[in-house]
Amino acid sequence: MKKKNITILGAGLVGSLLACMLEKRGYQVQVFERRSDMRKQKLIAGRSINLAMSVRGWTALEKAGIKEQFEKIAIPMHGREIHQSNGETNFQAYGKNNEAIYSISRGELNLQMMNLAEEAGTVFHFGHKCTDVNLETNQVTFETENGTEYHTADLLIGADGAFSSLRTAMTKTDRFNYQQFYINAGYKELHIPPTENGEHQIYKNALHIWPRGKFMVIALPNMDGSFTCTLFFPFHGTPSFDTVKTKEDVKTFFAEYFPDVINRMPDLLEDYFDNPTASLVTVKCDPWIYKNKSLLIGDSAHAIVPFYGQGMNAAFEDASVLVDLIDEDPNADDWSDILKRYNDSRVKNGQAIADLAIRNFYEMSDHVAKPEFLRRKKIEKEIGTLFPEKFNSVYEQVSFTNNDYAKAWKRQKAQDVLLEKILKIEDFKEIPFSQKALDQLEILLDEYQKVIG
Ligand SMILES: Cc1cc2nc3c(=O)[nH]c(=O)nc-3n(C[C@H](O)[C@H](O)[C@H](O)COP(=O)(O)OP(=O)(O)OC[C@H]3O[C@@H](n4cnc5c(N)ncnc54)[C@H](O)[C@@H]3O)c2cc1C
């Protein structure tokens, strides 16, 4: 039987990966991308923007049969290196068993996946911006340099990012739920170059964080010895992008809050003024499918804030789940069932990781400086040490397993309730806990176990 012709909108991370996966299963794939071909632009030769890849991302690459080649360009980060205001640093391992998340160049990952898809038979159409989708006929309208073009697909996949054109078409259908909101912080990319010998200036195998309450800088290592840094900073208030506007402002701000970073960033001023200030949007919607004709995947279905390092990982997991469902019924002519099961499996998980990421943002920006928060963290750590079987880290669930995000979110909410109760009980003031506190803890943990199931 002739397999469907599948059209993917967007040649970003998940569009390129999915093209590789579908080609392997005998589908004819065409990808339409708004931008020109990044492989011809030498963009990648410039500064690298990197991402943290964790287990879910690797699982998808393995399923696509392309994991090994990306392992060669990924740097393991075994924990967070926290840089305090007074210059002290401390390393916090991510897991108990030396687990790591991996820093990988976004451009290199995208470029190599495009090459692999093309080698497998995918046809890429660059400079094709989708401007309209007829959901009933699957006719897509594109704006190109040569004018308007039309294309019709058997199955249409919207991998066209946070402002998806397919999703826009879906918002006009009955009972389509849609929510979009921005946080009051944006970001700017900065850069720490390598030493003269091409080595990393700070510890290579960590994700570096300079937390300063409502703002922070993070840094992820690159293969060339440099670090890509991101300043997360409020748009308004003091200090903020509103108040740090001149070269003097930038120098004063960094000297005050990041004195150990400023010395390592010779191009700070150029980076600050040349690189865009970008905003951070969360998108939730439901459903992610239209009849048996189209589906959303990746950021088009669930744009999330980057404070859990999971946007791409979640997108890759969407692709894994979709191809697993296809494999269960490889000769399906009508994809109604596949799409429905994809929707049932993914929407709740996409919404859960969006909530977890927002929660992490508020935890990092609002609570981190409060004494109550520090006490809570100490208690959490103590409970995890005393009862490792009963009280697992949510971060580990999210980053080092393929377990549902929805379960991790449920666990997070139950932990929040548990910790709130504990913080109110006088007996938990001291660590190590007294016998009386331990007895109460056993009861509270049993209640907690019942909630998470
Ligand atoms: C600052 C920051 C840091 C991040 N760090 C991490 C991290 O460490 N780990 C992680 O897992 N995730 C991270 N993410 C999230 C990650 O970048 C996204 O989740 C991921 O890029 C989603 O991939 P995608 O293919 O769905 O969308 P995109 O990568 O955005 O690709 C969408 C593609 O569609 C194209 N397109 C858009 N509109 C149209 C149109 N109308 N017609 C045709 N083509 C179109 C775009 O040009 C683009 O090529 C981060 C995000 C940000 C903002």
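The sequence shown maps to residues 21 to 473 in this note's numbering. The C-beta atom is built at its ideal place from N, Cα and C for all residues, glycine as well.
Of all C-beta pairs linking the stretch 32-49 to the stretch 332-341, three or more are shorter than 8 Å, placing the two stretches in contact. Close CB contacts of G218 within its chain, under the 6 Å cut and outside five residues either way in sequence, are with G245 (chain order). Here C40 is near M133, since their CB atoms are less than 8 Å apart. The residue from I93, M236, R54, S314 with its alpha-carbon nearest to that of E156 is S314.
In the DSSP annotation of this structure, the continuous segment of the alpha helix (DSSP H) that includes H322 starts and ends at 319-322.
Taking the Cα positions, D280 is about 43 Å away from G147. CA-to-CA, the gap between F393 and K44 works out to about 49 Å.
For L155, there is no enclosing beta strand (DSSP E), since its DSSP letter is neither H nor E.
Boundaries for D287: no alpha helix (DSSP H) harbours it, and the DSSP string shows neither H nor E there. The DSSP assignment places 356-382, 391-406, 414-420 as complete runs of the alpha helix (DSSP H) inside the stretch 356-425, in order along the chain (cut-off: 4 residues). Annotation note: the stretch 250-319 contains the following uninterrupted beta strand (DSSP E) runs of length 3 or greater, listed N- to C-terminal: 298-306, 314-316. Relative to ligand 1, the beta carbon of N333 is positioned inside 7 Å of a heavy atom. Per DSSP, reduced to three states, the secondary structure at K444 is helical. Setting aside the 5 residues that flank it on each side, D180 is surrounded in the same chain by L29, G30, S320, each with a C-beta closer than 6 Å to its C-beta; the list follows chain order.
The straight-line gap separating the alpha-carbon atoms of T421 and A140 is approximately 30 Å.
Note on geometry: alpha-carbon atoms of K433 and T161 lie some 43 Å from one another. Contact between Y202 and L300 is confirmed by a C-beta separation of about 7 Å, below the 8 Å threshold. Between the beta-carbon of Y362 and that of L342 there is about 5 Å, and that keeps the pair under the 8 Å contact cut.
In summary, Y198 is exposed, with fewer than 16 beta-carbon neighbours lying within 10 Å of its beta-carbon over all protein chains present. CA-to-CA, the gap between F90 and K83 works out to about 13 Å. I212 is a Cβ neighbour of M285, given a cutoff of 8 Å. Across the structure, C305 and K368 are spaced so that their CA atoms are roughly 10 Å apart. Take W308, set aside five residues on each side of it, and the residues of its chain with a beta-carbon closer than 8 Å to its own are L315, L316, I317, A321, Y362, N363, R366, V367, G370, in chain order. With 16 or more other Cβ atoms inside 10 Å of its own Cβ, D338 counts as buried. Per DSSP, the continuous alpha helix (DSSP H) segment holding Q460 begins and ends at 455-472. In terms of Cβ geometry, I95 and S123 form a close pair [threshold 8 Å].
If you check the C-beta of S185 against ligand 1, you find a heavy atom less than 7 Å away. F111 is the residue among G127, F111, A323, L37 whose C-alpha sits nearest the C-alpha of K224. Closest option to G404, judged by alpha-carbon separation, among N204, L458, A205: L458. A distance criterion of 7 Å places the beta-carbon of E169 beyond contact range of ligand 1, judged by its closest non-hydrogen atom. Using a Cβ distance threshold of 8 Å, T151 and E163 count as a contacting pair.
Counting only the Cα atoms, L251 lies some 7 Å from F235. The closest heavy atom of ligand 1 lies 7 Å or more from the beta carbon of K192. Rounded to the nearest whole angstrom, the CA to CA distance from G167 to T263 is 43 Å. When distances are taken from the beta-carbon of K430 to the heavy atoms of ligand 1, even the shortest one reaches 7 Å or more. Here the alpha carbon of V471 sits roughly 30 Å from the alpha carbon of R100.
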